[in-house]
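Participant: Read in order, the letters of the sequence shown are residues 96 to 557 in the working numbering. Dumping the structure here so I can ask a few things about it.
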Amino acid sequence: MTKKTWQKPTITQHQAGITNKHGAAAMKTYDDKIDGVAYKDLINQYGSPLFIISEKQLRNNARNLIRAFKSRYPKVIHGWSYKTNYLGAICNVLHDQGSWAEVVSEFEYQKARALGIPGKNIIFNGPHKERPILEQAIEEGAKIHVDHLDELYLIEQIAKEKQKTVPITMRLNFNTGFTEPWSRFGFNIESGQAIDVAKRIGSSEYLNLNGLHSHIGTFVLDPQAYAVQVQIMCNFMEAVEIQTGTSIESIDIGGGFGSRNSLQGTYLPPEQVVPTFDQYAEVICNTLLQATENREANGKERPLLILESGRSVVDDTEVLASSVVANKRMPDGKKAVVMDAGVNIMFTSFWYNHNVRPIRQLSGVPEDVVLYGPLCMNIDVMRHHISIPPVNIGDVLVFSPVGAYNNTQWMQFIEYRPNVVMVRESGEVNLVREAEDLSVMIAQERLPKDLVNTFKITTDKR
């Protein structure tokens with residue numbers, strides 16, 4: 096008989112509807128598999144914690160996004176937002192579905208090229224583009240989105256040196272009345288700056304303004320915000336074409352669609368507050384069709400619609416399986432559970448209440464619990480409040496959805512970053528990113544010779 100661990104008796108406040116431990120119902124909400132593969136088997140083979148990607152869900156999301164928009168508007172392109180998750184396996188699944196690459200730095204541009212994406216299928220955003228990467232992007236025909244005047248002048252200088260005309264897209268910012276304006280990026284419409292810049296581009300023999308871009312925010316839950324965005328951009332497009340004689344070929348509305356995650360501070364579940372792709376598409380495409388209905392009559396084509404959706408495409412395609420390493424009771428009597436995964440690898444814990452499920456049926460009285468990670472920081476909290484029955488050391492809890500921004504914003508801090516696997520549509524499991532070890536952590540370090548083996552044991556001769 097196994098001897099139970101003694102704990103100091105405490106008084107636990109029961110939740111409404113829960114009787115004592117003899118009348119409490121067993122917890123039935125658990126998930127033991129992902130796409131038919133047992134979590135237990137994955138943990139046994141690849142260790143804990145473990146990120147697990149569903150290829151099936153990823154492809155379904157990409158198909159549903161494109162279907163929702165292409166069924167309502169004739170010309171649509173999705174640019175996969177690399178910053179959301181630039182694991183090669185995820186990027187190439189989406190490229191296989193037809194998505195372009197949307198990048199915001201030299202690193203991301205080089206990553207896209209290394210994955211086989213031609214420059215002409217790369218959307219190059221971001222406020223920091225040095226001359227060498229701009230020269231490469233221009234040479235390879237990337238779709239360059241200009242963020243500020245210094246970048247504009249540099250592109251013009253490169254184009255003049257190469258004696259060629261470079262097509263560019265202007266990034267715009269403006270107030271929709273729905274979200275806080277992202278005014279640090281691009282050129283402002285309300286102040287008149289944007290139209291002045293458009294005229295400046297129009298006067299250059301080395302630049303061709305053929306696209307407009309804006310991004311109105313993140314986790315935008317009201318599709319009507321995009322209706323205002325599209326209308327403002329179309330009005331600006333018409334003004335630019337009249338005043339400069341140029342022809343705008345594309346309108347890029349950025350990203351910002353919500354995912355099936357629960358923002359901290361919200362009360363309704365994401366299923367009730369987050370619009371579907373169809374709901375976003377209905378508003379966006381209807382507005383764009385109405386705003387451009389006279390173009391064909393005037394001999395112009397409707398603009399290409401570009402989407403940069405990231406979070407909504409990838410978030411619910413990945414989970415994090417983490418094991419319980421300790422149970423403890425806090426001074427205020429609240430129960431705490433320590434996990435082997437922390438905010439160093441699940442950065443989004445700071446603003447989401449992630450869904451948490453055990454991989455086996457738990458029993459006992461549910462109790463309000465705080466889930467801590469393994470880091471030596473008070474802020475290493477995976478969930479501040481969650482009601483679950485008792486868990487044992489070694490029990491596995493699955494956090495979801497975690498596919499957006501965790502594999503790009505995770506940190507090399509205290510703990511090694513773990514394995515990442517992908518469950519393929521065939522049921523096969525592939526390791527797509529290997530766990531770190533000490534050799535990885537110190538690979539970039541360079542230790543001066545006089546600092547090798549400096550520790551000395553001293554003898555106190557007093």
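Where is the CB? At the ideal position from N, CA and C, for every residue including glycine.
Could you tell me which residues DSSP pairs with residue 264 in its beta bridges?
Facilitator: Along the sequence shown, one-based indexing puts residue 264 at 169. The partner list for residue 264 (beta bridge, DSSP) reads 240, 306.
Participant: For the putative contact between residue 489 and residue 419, defined by C-beta atoms under 8 Å, what is the C-beta separation to the nearest angstrom?
Facilitator: For the purposes of this step, residue 489 is taken as residue 394 along the sequence shown, with counting starting at 1. For the purposes of this step, residue 419 is taken as residue 324 along the sequence shown, with counting starting at 1. About 6 Å separates the two Cβ atoms, so the contact holds.
Participant: Would you list the residues sitting across from residue 345 in a DSSP beta bridge?
Facilitator: Translated into the one-based positions of the sequence shown, residue 345 becomes position 250. Looking at the DSSP assignment, residue 345 forms a beta bridge with 306, 399.
Participant: How far does the beta strand (DSSP E) with residue 423 in it extend, from its first residue to its last?
Facilitator: Here residue 423 is taken as the residue at index 328 of the sequence shown, counted from 1. Unbroken beta strand (DSSP E) run through residue 423: 413-424.
Participant: Are the CB atoms of residue 303 and residue 260 within a distance shorter than 9 Å?
Facilitator: Numbered from its first residue, the sequence shown carries residue 260 at position 165. Numbered from its first residue, the sequence shown carries residue 303 at position 208. Yes.
Participant: Residue range of the alpha helix (DSSP H) that residue 151 falls in?
Facilitator: One-based indexing of the sequence shown puts residue 151 at position 56. Looking at the DSSP string, the run of the alpha helix (DSSP H) that includes residue 151 is 150-165.
Participant: Any idea what DSSP makes of residue 126, helix, strand or coil?
Facilitator: As a position in the sequence shown, residue 126 is number 31, starting the count at 1. Here residue 126 sits in coil by DSSP.
Participant: Cutting at 7 Å between CB atoms, please list the residues of its own chain near residue 170, excluding the five before and the five after it.
Facilitator: Taking the first residue of the sequence shown as 1, we reach residue 170 at position 75. Contacts found: 397, 399, 400.
Participant: Using 10 angstroms around the beta-carbon of residue 434, count the other beta-carbons present and answer buried if the total reaches 16, otherwise exposed.
Facilitator: Position 339 of the sequence shown, counted from the start, is the residue given in the question as residue 434. Residue 434 should be labelled buried.
Participant: How about residue 350 and residue 278: are their beta carbons less than 9 Å apart?
Facilitator: Here residue 350 refers to the residue found at position 255 when the sequence shown is read from its first residue. Here residue 278 refers to the residue found at position 183 when the sequence shown is read from its first residue. No, Cβ-Cβ distance for residue 350 and residue 278 is not below 9 Å.
Participant: Put residue 477 into one of helix, strand or coil per three-state DSSP.
Facilitator: Here residue 477 refers to the residue found at position 382 of the sequence shown. It is a strand residue.
Participant: What does the Cβ neighbour count give for residue 223, buried or exposed, with the cut at 16 atoms within 10 Å?
Facilitator: Numbered from its first residue, the sequence shown carries residue 223 at position 128. Exposed.
Participant: Spatial neighbours of residue 353 within its chain, please: CB distance less than 6 Å, with the 5 preceding and 5 following residues excluded, ordered by chain position.
Facilitator: Counting from 1 along the sequence shown, the entry for residue 353 is found at position 258. Cβ neighbours of residue 353 beyond the five flanking positions: 314, 316, 369.
Participant: Out of 229, 423, 287, 174, which one is the CA nearest neighbour of residue 195?
Facilitator: As a first step, residue 195 must be located in the sequence shown, where it is residue number 100. Ranking the options by Cα distance to residue 195, first place goes to 174.
Participant: Decide if the stretch 384-392 is in contact with the stretch 204-224; the criterion is three or more beta carbon pairs, one per stretch, under 8 Å apart.
Facilitator: In short, these stretches do not touch, since the Cβ pair count stays below three.
Participant: Identify whether residue 463 lies in helix, strand or coil by the three-state DSSP scheme.
Facilitator: As a first step, residue 463 is located in the sequence shown; it is residue number 368 there, counting from the start. Note: residue 463 maps to strand in three-state DSSP.
Participant: Please classify residue 248 as buried or exposed, where buried requires at least 16 neighbouring CB atoms within 10 angstroms.
Facilitator: The residue you call residue 248 lines up with position 153 of the sequence shown. So residue 248 ends up on the exposed side.
Participant: Return the residue from the list 439, 509, 526 that minimises the CA-CA distance to residue 533.
Facilitator: Here residue 533 is taken as the residue at index 438 of the sequence shown, counted from 1. If we check each option's Cα against that of residue 533, 509 comes out closest.
Participant: List, from N- to C-terminal side, the alpha helix (DSSP H) runs of 4 residues or more that fit wholly inside the stretch 277-342.
Facilitator: Correct list: 288-297, 319-339.
Participant: Let's test the definition: count the other Cβ atoms within 10 Å of the Cβ of residue 392 and tell me whether it reaches 16, buried, or not, exposed.
Facilitator: Here the question's residue 392 lines up with position 297 in the sequence shown. Under this definition residue 392 is an exposed residue.
Participant: Among the candidates 300, 310, 284, whose CA atom is the shortest distance from the CA of residue 332?
Facilitator: For the purposes of this step, residue 332 is identified with residue 237 of the sequence shown, where counting begins at 1. Closest option to residue 332, Cα to Cα, is 284.
Participant: Who does residue 453 pair with in a DSSP beta bridge?
Facilitator: Taking the sequence shown and counting its residues from 1, one reaches residue 453 at position 358. DSSP, once it has assigned bridges, lists 492 as partnering residue 453.
Participant: On the CB-based measure, 16 or more other CB atoms within 10 Å of its CB, does residue 240 come out buried or exposed?
Facilitator: Your numbering for residue 240 matches position 145 in the sequence shown. Residue 240 is buried by the Cβ-count criterion.
Participant: When the Cα atoms are used, what is the spatial distance from residue 361 to residue 448?
Facilitator: Working through the sequence shown from its first residue, we reach residue 361 at position 266. Working through the sequence shown from its first residue, we reach residue 448 at position 353. When rounded, the distance between both Cα atoms is 10 Å.
Participant: In terms of alpha-carbon separation, which member of 198, 257, 417 lies closest to residue 139?
Facilitator: One-based indexing of the sequence shown puts residue 139 at position 44. Considering only alpha carbons, the answer is 417.
Participant: Less than 8 Å between the CB atoms is what I'm expecting for residue 403 and residue 167, so what's the real figure, rounded?
Facilitator: Residue numbering aside, residue 403 sits at position 308 when the sequence shown is read from its first letter. Residue numbering aside, residue 167 sits at position 72 when the sequence shown is read from its first letter. Their Cβ separation, rounded to whole angstroms, is 18 Å, which puts residue 403 and residue 167 out of contact at 8 Å.
Participant: Hey, which unbroken runs of the alpha helix (DSSP H) at 4 residues or more fall wholly within the stretch 497-540?
Facilitator: List check, alpha helix (DSSP H) in window: 501-504, 533-536.
Participant: Measure the Cβ-Cβ separation of residue 524 and residue 137 and say whether it is below 9 Å.
Facilitator: If you number the sequence shown from 1, residue 524 lands on position 429. If you number the sequence shown from 1, residue 137 lands on position 42. It is a contact, given that the beta carbons lie within the stated cut-off.
Participant: Provide the residue span of the beta strand (DSSP E) that contains residue 219, from first to last.
Facilitator: The count along the sequence shown starts at 1 and reaches residue 219 at position 124. From DSSP, the beta strand (DSSP E) with residue 219 extends over 217-219.
Participant: With which residues is residue 447 paired in a DSSP beta bridge?
Facilitator: Along the sequence shown, one-based indexing puts residue 447 at 352. For residue 447, which the question treats as bridged, DSSP gives the partners 358.
Participant: Looking only at its own chain, which residues have a Cβ that is under 8 Å from the Cβ of residue 452, when we skip the five neighbours before and after it?
Facilitator: As a position in the sequence shown, residue 452 is number 357, starting the count at 1. Only 124, 125, 126, 492, 493, 495 meet the Cβ criterion.
Participant: Three-state secondary structure (DSSP) at residue 172?
Facilitator: Mapped onto the sequence shown, residue 172 falls at position 77. Strand.
Participant: Would you call the stretch 330-347 and the stretch 286-293 touching, i.e. three or more CB-CB distances under 8 Å?
Facilitator: With the cut-off at 8 Å, the stretch 330-347 and the stretch 286-293 touch.
Participant: With the cut-off set at 9 Å, would you say residue 281 and residue 289 are in Cβ contact?
Facilitator: By 1-based counting over the sequence shown, the position of residue 281 is 186. By 1-based counting over the sequence shown, the position of residue 289 is 194. Closer than 9 Å, so yes.
Participant: Could you spell out where the alpha helix (DSSP H) holding residue 376 opens and where it closes?
Facilitator: As a first step, residue 376 must be located in the sequence shown, where it is residue number 281. Counting along the chain, the alpha helix (DSSP H) containing residue 376 begins and ends at 372-386.
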